[in-house]
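Working notes, beginning with the structure itself.
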Amino acid sequence: MAFKSVNLIEQHCKGGRHMTVITRTFRIVTGSLCISMLLIFHSPGPWSYAAESKTYEQIKILVDILGYIKENHVKDVETQDLVYGAASGMVSVLDPFSQFMEPRMHKEMKVETKGEFGGLGIRISIKDNWLSVITPIPGTPAYKMGILPNDRIIKIEGESTKGISLMEAVEKMRGKPNTDVTITVAREVMDENKEPITETKDYTITRAIIKIESVRGRMLDDTIGYVRLIEFTRQTDIDLEKKLHELADEGMKNLILDLRNNPGGLLNIAVDVCDSFLAKDQLIVYTHGRDKARRMDYVAKRNNDFEQIPLIVLVNEGSASGSEIVAGALQDNKRAIIMGSRTFGKGSVQSVISLSDGSALRLTTAHYYTPSGRIIHREEDSEIWGVDPNITVDVPREIQAKLRAQEELIFEKGKKPAPGISEEERVEDELLNRAIQGFKTRELFRKMEISKTAQTEPEQTNDE
0 MAFKSVNLIE QHCKGGRHMT VITRTFRIVT GSLCISMLLI FHSPGPWSYA AESKTYEQIK
60 ILVDILGYIK ENHVKDVETQ DLVYGAASGM VSVLDPFSQF MEPRMHKEMK VETKGEFGGL
120 GIRISIKDNW LSVITPIPGT PAYKMGILPN DRIIKIEGES TKGISLMEAV EKMRGKPNTD
180 VTITVAREVM DENKEPITET KDYTITRAII KIESVRGRML DDTIGYVRLI EFTRQTDIDL
240 EKKLHELADE GMKNLILDLR NNPGGLLNIA VDVCDSFLAK DQLIVYTHGR DKARRMDYVA
300 KRNNDFEQIP LIVLVNEGSA SGSEIVAGAL QDNKRAIIMG SRTFGKGSVQ SVISLSDGSA
360 LRLTTAHYYT PSGRIIHREE DSEIWGVDPN ITVDVPREIQ AKLRAQEELI FEKGKKPAPG
420 ISEEERVEDE LLNRAIQGFK TRELFRKMEI SKTAQTEPEQ TNDE
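Here numbering that gives the first Met the number 0 is used: position 355 in the sequence shown is 354, and no number is missing along the way.
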């Protein structure tokens, strides 16, 4: 491979001396880089025994290309730019959730998990080679503009997003607060004949500092408490416990836990949320990667004040990752009734590996499984994925958009109309109403054999 490429250079160079200089210099560069790669592959660590001849030959191709570019490209190129580009390219062939993060992006990610960052306020993924919205974050610019789960962002500032990486998309959409960015959204809607069609629309959204209020809640009546978990940040479990005790002091005897459009977040926080509702030692979730024998179980570790409160959990297609873990654990442990529509299907574990220069590798290393052994993650052409509700209530996307505009009605249950929403424009939250009715009649709990005393732990199965 290397000599074939050198011959191409020779054919385009006039004069043997010039050819010799290029070839000699290239061989010195290549040799140095190969030695460096050999040192890496022979150093202590997980790759210590991977430096077989075939692996070395494949790595040598990469080194050869790097050497050619450094010596012969028409413009001077920084080695770091080439290495970062190669790293991004390698990771891009893996899966939509793995990514290489340059130092600045790695720093932004750490800020994001703390619950405050700048941008539009949407969680995104790559789906069928297009940028797709997992969910907008309530209260953010994107949320207020009416962006919905499963919207496909086909353009950013007029440029197609087909084939774009997550990192590139984030960089394009983030920016200084109070500046605008225009995105073009493709959305599937129903026409007058109830046939699905795709509509496209431009949204010009003003960037803002995104502060995530991860827990919101109130009493819906004298006995039914309502808590919405917006996202799993570092503060969520603490804020949830505080909110639950506040509602208990107000007379809460039943709880509706709303995980709709919750995109997930930190795994350990999702586990801690489950811990608030499960008995000690009940299985919450388990993970394993390529080596199925290396299974990791997460179980409830403490007794708490709310492990027997009657519970209904609301989910939809925007419920992903951590929210699917919570819904799946409570469902499999027969601890709650799940209502709504099938969840998103993002059940992969990303490990963040910090690198020496401040960059990082976000690598998918395992999948989540519910206590009964169901896989959450949705692969291409999969039929089994996500969490299917016990009671299916599909809310049309146009109704979801209207509910967004009157979010206060969800919390106030009609007691305090949202500003700017007329009586004619108001819509009922059918899913929330069904949950309230379920508590009042108790029929759902009798049918599902779920009650305060239903604490049966499901059989823990190993995946084959």
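Built from N, CA and C at the ideal position, the CB exists for glycine as well.
When Q330, L246, R233 and S320 are compared against T134, the one with the closest alpha-carbon:
Across the set Q330, L246, R233 and S320, the C-alpha of S320 shows the shortest separation from the C-alpha of T134.
Nearest-angstrom Cβ-Cβ length linking E323 and V386, presumed shorter than 8 Å:
Yes, they are in contact, since the Cβ atoms of E323 and V386 sit about 5 Å apart, within 8 Å.
Have a look at E249 and K200 and give me their C-alpha separation to the nearest angstrom.
A straight line joining the alpha-carbon of E249 with that of K200 spans about 45 Å.
Might you give, ordered along the chain, the residues of its own chain that have their beta carbon closer than 6 Å to the beta carbon of N71, omitting 5 neighbours on each side?
Closer than 6 Å at Cβ, skipping near neighbours: no residue.
Nearest-angstrom Cα distance between T286 and L219?
Take the alpha-carbon of T286 and the one of L219: they are about 37 Å apart.
Rounded to whole angstroms, what is the Cα-Cα separation between D236 and L81?
Distance between the alpha carbons of D236 and L81: 42 Å.
Please list the terminal residues of the continuous beta strand (DSSP E) segment that includes T54.
Note, T54: premise wrong, no beta strand (DSSP E); alpha helix (DSSP H) at S52 to N71.
Grab me the residues of R259's own chain with a C-beta within less than 7 Å of its C-beta, minus the 5 sequence neighbours each way, in chain order.
L313, V314, N315, G317, S318 and G339, listed in sequence order.
Hey, I182 and I163 are a contact pair by Cβ (cut 8 Å); roughly how many whole angstroms apart?
No, I182 and I163 are not in contact; Cβ-Cβ is about 12 Å, not under 8 Å.
Going residue by residue through the segment 114-189, where are the continuous alpha helix (DSSP H) segments of at least 4 residues, counting only ones entirely within it?
Correct list: 140-144 and 165-172.
When you compare only the Cα positions, how much space is there between G174 and F438?
For the pair G174 and F438, the Cα-to-Cα distance works out to about 45 Å.
Would you kindly check if the distance between the Cβ of P148 and the Cβ of I125 is under 8 Å?
Between I125 and P148, the C-beta gap is not smaller than 8 Å, which leaves the two residues out of contact.
Nearest-angstrom Cα distance between I208 and I223?
Using only the alpha carbons, I get a separation of about 34 Å.
For R334, which three-state DSSP category applies?
Here R334 carries a coil assignment [DSSP, helix/strand/coil].
Of the residues A365, H376 and S371, which one's Cα is nearest the Cα of K291?
Per the Cα distances, A365.
Whose CA, out of L65, M89 and G138, lies closest to the CA of Q79?
Looking at L65, M89 and G138, the one whose alpha-carbon comes closest to that of Q79 is L65.
When you compare the CB positions of N192 and L277, do they come within less than 8 Å of one another, or not?
Going by C-beta atoms, N192 is not nearer than 8 Å to L277.
Quick check: the Cα distance between V394 and Q281, rounded to an integer number of angstroms?
One C-alpha to the other measures close to 32 Å.
For the candidate residues N389, I390, R433 and I352, whose alpha-carbon lies nearest to that of K106?
For the residues N389, I390, R433 and I352, the minimum Cα distance to K106 belongs to I352.
Minimum C-alpha distance to E397 - residue among E187, S131, P137 and M100
That would be E187, whose Cα lies nearest to the Cα of E397.
First through last residue of the alpha helix (DSSP H) which encompasses Q281:
Q281 -> no alpha helix (DSSP H), and no H or E assigned at all.
Of the listed residues P102, R294, P176 and I155, nearest to G372 (C-alpha basis)
It is R294.
Would you decide whether V92 is buried or exposed? Buried here means 16 or more other CB atoms lie within 10 Å of its CB.
That one is exposed.
Kindly indicate which three-state DSSP category N192 falls into: helix, strand or coil?
DSSP places N192 in coil when its eight states are reduced to three.
Can you give the beta carbon distance from I229 to I211, rounded, assuming they're within the 8 Å contact cut?
Rounded, the Cβ-Cβ distance is 6 Å, consistent with contact.
Taking the beta carbon of T232 as the centre, do at least 16 other beta carbons fall within 10 Å, making it buried, or is it exposed?
Result: buried.
Quick one: Cα of E170 to Cα of A247, how far?
Using only the alpha carbons, I get a separation of about 43 Å.
Kindly indicate the opening and closing residues of the beta strand (DSSP E) around H366.
Per DSSP, H366 belongs to the beta strand (DSSP E) from A359 to Y368.
Taking the straight line between their C-alpha atoms, what separation do you get for I152 and Y367?
Annotation: I152 to Y367 spans about 27 Å, alpha carbon to alpha carbon.
A292, enclosing alpha helix (DSSP H) - first and last residue
Element bounds for A292: n/a, residue is neither H nor E.
Between V184 and R206, is the Cβ-Cβ spacing less than 8 Å?
Against a cut-off of 8 Å, the Cβ pair of R206 and V184 comes out as no contact.
So what does E198 bridge to, in DSSP terms?
Residue pairing for E198: DSSP places it in a beta bridge opposite R186.
Out of curiosity, what's the CA-to-CA distance linking K69 and G344?
One C-alpha to the other measures close to 43 Å.
Excluding five sequence neighbours on each side, which residues of the same chain lie with their C-beta closer than 6 Å to the C-beta of N303?
Excluding residues within five positions, the ones whose Cβ falls inside 6 Å are S275.
Buried or exposed for E306, going by 16 or more other Cβ atoms inside 10 Å?
So E306 counts as buried.
Identified DSSP bridge partners for T391
According to DSSP, T391 bridges with G339.
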